[in-house]
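Protein chains in written order, with this note's numbering: chain A, -7 to 653; chain B, -7 to 653. Backbone N, C-alpha and C define an ideal beta-carbon position, used for all residues, glycine too. Keep in mind the model is a prediction, meaning the values are calculated, not measured. Everything on this sheet refers to the single structure shown next.
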C-alpha cells in the first residue's frame, strides 16, 4: 500500500440549509458562510467575512452557533435567531434558513454543491514502524571498549571498528573529522563513544559513513530537519529520529522573492553579476531563519541536528547549491544533475553543526524536480498498482502518471495564474485575497470570503477558480470565457481592459477602487488550466490510456489543498472523476523530505522513482498541441464526453436561467 | 622482484695507496682524503678538509689530481708531486704515497678498510610500465557527447556518465564541485570535457570519484606531488602522471624544528595552548614553500596538481592533519588511526587547487609510521621471498623484519644519538660537522672530514660511528666504551665530564675550544646501537629465526646513506653479514610517496603491508631486555658468535698494537 492513507477527521457537524434542503458536513469552528459556500448555497456577502457589510443575514432555526451578532443585527432580530453568516461559528448541528430572492435560485444553486476530496492522513513514524521501515539514514550507535594496553595498543579507529562490529555494524568509511575527534572522545568518554553514522542509500554499493564521534552516550538526542525549499515559501520540520516525532514545523517566505516571483525571473537574476550568490544566500538565510525559529519553539539545539533532507524544484535546488541554473531555462532545458551526493550542510551556509549532512532530493528534469519526486514518494503512488495521476499545481504545474510499474511525467507550462500571476488583481493567498466565491445567478451579486476574513484587496488562485466556476455556471461568462454583457447585470461592465465583473465595489475593498475580474484574467486561467489538462491527456495517450482509466488522483502543494475540487473540475482544471478518487497530500515536498529522514528504505525508493520516471517534453510530444487547443474551453471542447457530469450540470443551470429569463 | 634493484654507478677511478698497497675505487670529484678514509688508510688531517692545517700531505706518484696546492706547499714540493690530500680532487686513476710514521701502521689500518653497500637503483616509471603497474590513482579522461536536444535532454551528469561508459569507465561518485562546474564545462568545451578521476584504493570496494571537470581536452597536463614529511626536513617532487617523469625535487627544513627537534618535544609543544595549530601551520608552510620553489624551477602551475601523496612518521602525520598527538607519547602509545581517507589538500592549508586530494600513507603504530610503510613498499620487501631486515635509522630507529609472507615491526628506543642528540658536541649533518674520521693507532692523531669541508664545530651521527669504530680498533677505547688512559696519548685525557678524546684542538675549530668526544657520548651511542640490535634480535627470535637467517638488509633514511657500513658493523649497530646483502634505498618516504602517485596497484599494496605487519612493543616483548643488555658492548657480548669477522679484525689489530707496544 502507499504512503497516503484515508483518514478519520475531527467529528464534523451537519449544517442543513433551508429552503434548499441541502445538508453539508462541516468542521466545527468554521463559519456558516463557509459551510454555505461549500454546499453551493449562495448568501450575498461582500466584505470578505469581516462582518461590516451586514448582507449575509441568515436565521438559525435549530441548534446553536457562536457569535454572528454585530451592530448590524438588532436585538429583536438576534432574539429571533438572525445571525451574520460570515461571523457565526459552527459548534453543533444546525438548521440555517437563507433568505432567497427567488425560489428558482434553488435549482441553479444546487448544481454548484461542492464535493470534497479526502484529505489524506499522511504516513508517519507509527506506520513506518509497523511496516518495519522506520530506519533513519542517520543513526547513533554507542560502543564501549576495553582501554588499550601495551599488549593491545591498536589505533583508536581500529578499536572503534572492533566495537562497532560487535554491535553488528560493518563496512565503514570515516569522515576525517570523526577520526580527528576520536582520540579525545575515547578518553573523555572513558572508553565509551557515540558514533553518528550516515547510511548509504541502499540501492548503490555505498558504505556507512562515520560522520561524528562524541564522548560517552549521547544517543538520546538524534535529530534531523526536513526542508521544503519552495519558490515562494520555505518550510522546515525538526524530527526526533529516536521516536519519529515531529517536534515542530515552521515556515517563511523564500527571501529570493525579492529577486523575482517565479523560477524564470530567478534564473534571469542569477545571470547578473553576483546574482547566483545573492539568490543562494537569500534561500539559505530564509532557511536559517526558519531553523532558528524551530529551535526556539521546540527547545532543541541545532547542534544536535545531524542530517537535513531537502526537496525543491530543479531551479530551487540548483540555486540553493549554487549550480549554474541558466540551462534550465534555455531550450532544450537541461538540468545539471539528477543526484547530488550527501554534502556537509555548512558547506552551503546552513547554520547546522559541522557534521550535519544535506541529503538533497533528486530531480527528474528541469521542470520536474525534487519537489515532485518527493511528493510522488510521499503519496506512495510508486508502490500502488492503481493508475494514478499526480498533480502538483503551481507556476509550472507538474504532472505524473503511472503506478508501481511505470511512471511518466511532464511539466505543463501553466504560467503563474494559479498563484495570482498575470491576473489584474491577482495576489498570493495572503490576507485580503478572495479565496472563495459564490454568485447569485439571477442578480449577479457575489459572496466572497477572503484569507484572514479581511476586506478584499485582490484574488488568489483558489478564488479565481471558484469565481470563474461560479460565473460560468451562472451564465455570466460563457464556455469560451467571454462575459455576457447583454443580461445587464450591474456588476458586469465594459472596463478599461475590456469586459469585466466587479468582485467588490471600491468602498468594500482595502484598495479603494473597484476590484474586478477581466476577460483577460479569465483567458489567462483558461490557458493555464488547458495546459494542465492537455498534459494529463498527452501523458495518458502516450501509453495508450485515457482520462477514464485513472483510478486515483493525488493533489500536492499547499494550493492543491485550498481549491474546491468540484469547481476545479467544472472549469476543466481537474479531470472529471468520482470525487472519492481524489486525494490531497498537502505539502508533498515537506512530506517526502520528512519520510526520507525517517526511512532509509524510502530514501532508496526515491532513486527507484527517479530511475523509473520518463520525462516528456510536452512542446515536442505528439498530440500535445491538439490536446491544448481542445482544452481552451470551459470545461473542454469535448465537454460532453470528458466532463459528462459537469456538462449535465451546466445544461441544467442554463435551463433554469432560461426559465427565469 | 622488489622495487629496489642494483645499480650501475658513474665510472669510478682507482686510487692506489702506497706503502700499504691498498687499492680503492672512488668517485671522480671526491678528494684523496675521502678515498683514503674509505680505504681505511689513515692520513693525519685536523682542519676538516679546509686545507689550512697542511698536515695531510701526500705524494702523487702516478696519474693526475686537480688542486691540492696551497701556500702550505712549497713550489719545489709541488713540482715533486706533493699535494694536500684534503684539497686534491680525483679525476683519473692515481698512485698516492702516504708518509707513514711507522710501517706497522699498515697492519692495523688495513683492518679498517671500509666496505661499501650497494646503492639501490630505485624503481621508477619505466619499470612500472614494463610490469604493467604504471596506473596512477589520478586519471584524466576526455569525453565528448552529442549536444542535448528536446528529444534527449538528460541532465548534464547523465550525459557525462554515458560518455564515460563508452570509454569503459564506470562506477562513479561525483564530488559536488564537479557537478557544480559541469554545466558550463560541457558548453564552454563545446561538448568535450576532461574529467579528473581519483581511483579507489583497489583493496576496498570503493568507487571512482570524479573530482573535477574542465572544458575541452586538458589531458596533456596531469600532475601529482609526492611529499616526504620528515621530522627534520620536508622533500617534495612533482611528477608528470602522463609520462611518469619526475619534473623536479626540492627540500627544506621542517619549520616545526623551532618548536622542538624530535617528535617527543613536538608532542609536548602541541599540548600548549595553540600549539597543535602552530605545528600544523609550520609543517604546511614548509611544504608550501617547497612546492612553490618546485613550481618555479619546473615551470609548472600548482593548479594542475590534482593529487598529493604524503608519507611521514605517525607524529608528523597527526601533527600535519591536526589530530591530537598526545596519546602517541603516553603509554600504551596509541595512534589515532592507521588509515585516513583521501581529503581535499586545501582543507589543511596546502596551496593546491581546490580539487587536489591528499593521500596520506597509513601508519602501523605510534612509532612505526607512514614513512616506514612507504619505505618498505618502496623497497619491495613485501613482495620478496627473501628474509629481509629493513632499518630506518633516526631518532627512533624503526625496524621491520619479514618477507612477502609476513612482517613484524618495532620501534627501537634508540634515542637521538644518531642525529647528534645527547652528544656533548653533537650536531646535525650540516656544515662543519665531523662526518668521517680515522686515527693513527700509534700516535692517536686523527684525520677528520667535515660536512662542507669547513673547520669543525661538532660531530654528527655518521662521524660519531666512524670515530668510535676507529678508536675502538685502535685500542683507544675498549669494548665497553671506556678510554684507555694508560697509553698516555696526548689526545686522550681526563676532562671535566670524565675521560675524553680531543677530536680537534681549539685552534683548529670554529668554536674556539677543544672539540672532544666524552665517555658519556660513547655510552649514549652504545645504548642507541644496542637498542637497535636488540630490536633486530627480538623480532627475529619472535618468529624463531636468528641474525644469520637474514638474506637482505635494507637501509632507509638520508642518514643511512652517509654511514660507513663496515664501521657501523664494527660498533654492532648493523648485523654482521656479507656487505653485498646490504642495500641503501635513500629517502624511503619520498620513494614510497612517488611510487604510490604513479601506481594505484602499489597504493593497494600499501594497505596489504599495513594489514600484514605485526607491531611489537619491545618494552614488553619477551627477551628484549636480555638482548638489550647483551648489546651493551662493542660490537656485542657474543661478539665471537654474532660478529666473527669484526671479532677477528679486532683481535688482529690488538695483536699488531701489542707488537708495537
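So residue i packs on residue j, CB below 8 Å; how close in whole Å?
i	j	result
residue 64 of chain B	residue 41 of chain B	Residue 64 of chain B to residue 41 of chain B, Cβ: 13 Å. No contact.
residue 330 of chain A	residue 300 of chain A	Wrong, their Cβ atoms sit about 19 Å apart, outside the cutoff.
residue 239 of chain B	residue 290 of chain B	4 Å
residue 367 of chain A	residue 516 of chain A	Not confirmed; about 25 Å, so no contact.
residue 223 of chain B	residue 302 of chain B	About 14 Å; that fails the 8 Å criterion.
residue 460 of chain A	residue 563 of chain A	5 Å
Using a Cβ-Cβ cut-off of 7 Å (strictly less than) and excluding sequence neighbours within five positions of residue i, which residues of its own chain qualify?
i	result
residue 99 of chain B	Below a pLDDT of 50, predicted positions are generally treated as unreliable, and residue 99 of chain B, at 46, falls in that range; the measurement from the model is reported next regardless. For residue 99 of chain B, where only same-chain residues beyond five positions count, the Cβ hits under 7 Å are 648.
residue 344 of chain B	294, 297, 300, 337 and 338
residue 637 of chain B	568
residue -6 of chain B	Reliability fails at residue -6 of chain B, whose pLDDT of 36 lies under 50, so the model's placement of it is uncertain and no value is given.
residue 463 of chain A	431, 469 and 493
Excluding the five sequence neighbours on either side, which residues of its own chain have a C-beta within less than 8 Å of the C-beta of residue i, listed in chain order?
i	result
residue 481 of chain A	435, 436 and 468
residue 251 of chain A	257, 258, 261, 267, 270, 271 and 274
residue 17 of chain B	4, 5, 6 and 7
residue 477 of chain A	484, 485, 486 and 491
In its own chain, which residues sit with a C-beta less than 6 Å from the C-beta of residue i, not counting the 5 before and 5 after it?
i	result
residue 445 of chain B	41 and 42
residue 332 of chain A	352
residue 502 of chain B	424, 447 and 449
residue 132 of chain B	186, 188, 211 and 214
residue 364 of chain B	384 and 390
residue 128 of chain B	233 and 590
Could you name the residues of chain C that residue i contacts, counting a contact when the two beta carbons are closer than 9 Å?
i	result
residue 128 of chain B	Absence of chain C from the displayed structure is noted, the protein chains being A and B.
Please confirm whether residue i and residue j have their CB atoms less than 9 Å apart.
i	j	result
residue 168 of chain B	residue 339 of chain A	yes
residue 311 of chain B	residue 294 of chain B	no
residue 428 of chain A	residue 466 of chain A	no
residue 130 of chain B	residue 191 of chain B	yes
residue 609 of chain A	residue 324 of chain A	yes
residue 54 of chain B	residue 86 of chain B	yes
residue 526 of chain B	residue 616 of chain B	yes
residue 442 of chain A	residue 546 of chain A	no
residue 342 of chain A	residue 412 of chain A	no
residue 305 of chain B	residue 394 of chain B	no
residue 587 of chain A	residue 153 of chain A	no
residue 451 of chain A	residue 509 of chain A	yes
Within 10 angstroms of its Cβ, does residue i collect 16 or more other Cβ (buried), or is it exposed?
i	result
residue 472 of chain A	exposed
residue 583 of chain B	buried
residue 328 of chain B	buried
residue 650 of chain B	exposed
residue 635 of chain A	buried
residue 521 of chain B	buried
residue 657 of chain B	Chain B is shown from -7 up to 653; residue 657 of chain B falls before or after that span and cannot be answered.
residue 453 of chain A	buried
residue 530 of chain A	buried
residue 628 of chain B	buried
Would you call the segment 385 to 405 of chain B and the segment 602 to 616 of chain B touching, i.e. three or more CB-CB distances under 8 Å?
yes
Taking contact to mean at least 3 C-beta pairs separated by less than 8 Å, is the segment 491 to 504 of chain A in contact with the segment 578 to 593 of chain A?
no
Count the C-beta pairs between the segment 372 to 391 of chain B and the segment 143 to 161 of chain A that are closer than 8 Å, then say yes if the count reaches three, no if not.
no
With three or more C-beta pairs closer than 8 Å as the rule, is the segment 550 to 570 of chain B touching the segment 79 to 91 of chain B?
no
Taking 8 Å as the threshold, find out whether the segment 27 to 41 of chain A comes into contact with the segment 53 to 67 of chain A through three or more Cβ pairs.
no
Three or more C-beta pairs closer than 8 Å, one from the segment 409 to 420 of chain A and one from the segment 611 to 629 of chain A: is that the case here?
no
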